[in-house]
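Novice: Once you've had a glance at the structure underneath, I'll fire off some questions.
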């Protein structure tokens, strides 16, 4: 035998089986046998290499179908500048150390030849890209940022990217263009720093964003000026400026791209039905209704409701929306940021109150 991996917990990939202790035998690069027993490996079997996996998990390589920042092209649905090579290498290594062997980078506006360029050397993972090159998605990116987009990115089409190796469409929408996490950790803090010279934490940015626009990004849901002033005080920003000024700053940061990004949902769904490739969508409180409409309008398309456990949803709301989307034909994606280190709480019973997702 070439290799024996012993004493580790074993996930065999059928979606339900977990052996607390097992041995895996490898010959000529292929799994030759698996033994589940107290000994966790036959001592009479001789191997050129033995790995003691006690305390670890042995499993098939994961396919991560929703990742960002693992290529050197424009980053995120905002078409921002590429991440530095050392950052890309770090992100990739984090993924592979958590068991990922195939990764789909869904920033959406990069070209196929930008997977490995400059300092980002080829990696052991099989890294693929998606495409969101439609007019409204590009417009939304330019409104928010777009500093990573060149002429060739702006003129590229879905067909161009599929012909050069893209394997999916999307991500339609994102935290940058739909008032999500990227607005909280990047764009709103940048706006406050530029306008007032003060630093705002992501937690404070989220609190103020929700106070001004609500979870569904509708200014009608915003708090009154007196209550917004209370929120400023809670965030340690009392006296920095008036409530109306804060309302304007946050609205100007978040809202210009939202309608464009939601219009991009329709474009991506239509293209997905036309070309027959799956399409990934940013499923969150502000976009769920538009995604539902796209699923109904394009029943032949394979539409994936990305991260359907998004933190903008209330728990019961997330479950209800996911179940409704699935009934209408969508594929439900549920995300976790660390399936190995947090395996104690990632049992399926903690992710679902019902049959939410398709095994595909």
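Numbering (our numbering), first residue to last: 658 to 1017. Cβ atoms here follow ideal geometry from the backbone N, Cα and C, with glycine treated the same way.
Between the Cα of residue 892 and the Cα atoms of 841, 763, 858, 956, which residue gives the shortest distance?
Specialist: Measuring from the Cα of residue 892, the nearest candidate turns out to be 858.
Novice: Report yes if the C-beta distance between residue 681 and residue 715 is below 9 Å; otherwise report no.
Specialist: Cβ atoms of residue 681 and residue 715: closer than 9 Å.
Novice: When the distance is taken between beta carbons, is residue 804 closer than 9 Å to residue 918?
Specialist: Cβ atoms of residue 918 and residue 804: not closer than 9 Å.
Novice: Would you identify the three-state DSSP class for residue 787, choosing helix, strand or coil?
Specialist: Of the three classes helix, strand and coil, the one that applies to residue 787 here is strand, per DSSP.
Novice: Rounding to the nearest angstrom, what Cα-Cα distance links residue 755 and residue 720 in this structure?
Specialist: If you take the alpha carbons of residue 755 and residue 720, they lie about 11 Å apart.
Novice: Excluding the five sequence neighbours on either side, which residues of its own chain have a C-beta within less than 8 Å of the C-beta of residue 762, listed in chain order?
Specialist: Cβ within range, chain order: 724, 725, 726, 727, 728, 772, 784, 785, 786, 787.
Novice: Given a threshold of 16 other Cβ atoms within 10 Å of its Cβ, counted over all protein chains shown, does residue 705 qualify as buried or as exposed?
Specialist: Under this definition residue 705 is an exposed residue.
Novice: My parser needs the beta strand (DSSP E) runs of 3 or more residues fully inside the region 777-833; what are they?
Specialist: Qualifying beta strand (DSSP E) stretches, in chain order: 783-788, 825-829.
Novice: Any idea which residues DSSP pairs residue 867 with across the strands?
Specialist: Partner(s): none; residue 867 has no beta bridge.
Novice: Determine whether the beta carbon atoms of residue 948 and residue 912 lie at a separation below 9 Å.
Specialist: Cβ distance not < 9 Å, so residue 948 and residue 912 don't count as in contact.
Novice: Whole-angstrom Cβ separation of residue 925 and residue 826, contact assumed at under 8 Å?
Specialist: The pair is a contact, with the Cβ atoms about 5 Å apart (cut-off 8 Å).
Novice: What is the rounded straight-line gap between the Cα of residue 1015 and the Cα of residue 989?
Specialist: Its pLDDT being 35, under 50, residue 1015 is placed unreliably by the model, and the measurement read from it follows with that caveat. Whole-angstrom Cα-Cα distance: 7 Å.
Novice: Between the region 944-961 and the region 845-853, do three or more beta carbon pairs fall short of 8 Å?
Specialist: Result no; under three Cβ-Cβ pairs closer than 8 Å.
Novice: Considering just the uninterrupted stretch of the alpha helix (DSSP H) at residue 898, what are its terminal residues?
Specialist: No alpha helix (DSSP H) holds residue 898; DSSP gives it neither H nor E.
Novice: Look at the alpha carbon of residue 883 and the alpha carbon of residue 910, and state the distance between them as a whole number of angstroms.
Specialist: Straight-line Cα distance between these residues: approximately 22 Å.
Novice: Would residue 703 be called buried (16 or more neighbouring beta carbons within 10 Å of its own) or exposed?
Specialist: By the 10 Å Cβ count, residue 703 comes out exposed.
Novice: Which one or two residues does DSSP pair with residue 737 in a beta bridge?
Specialist: Answer by DSSP bridge pairing, in chain order: 732.
Novice: Since residue 962 sits in a beta bridge, which residues does DSSP pair it with?
Specialist: Looking at the DSSP assignment, residue 962 forms a beta bridge with 938, 989.
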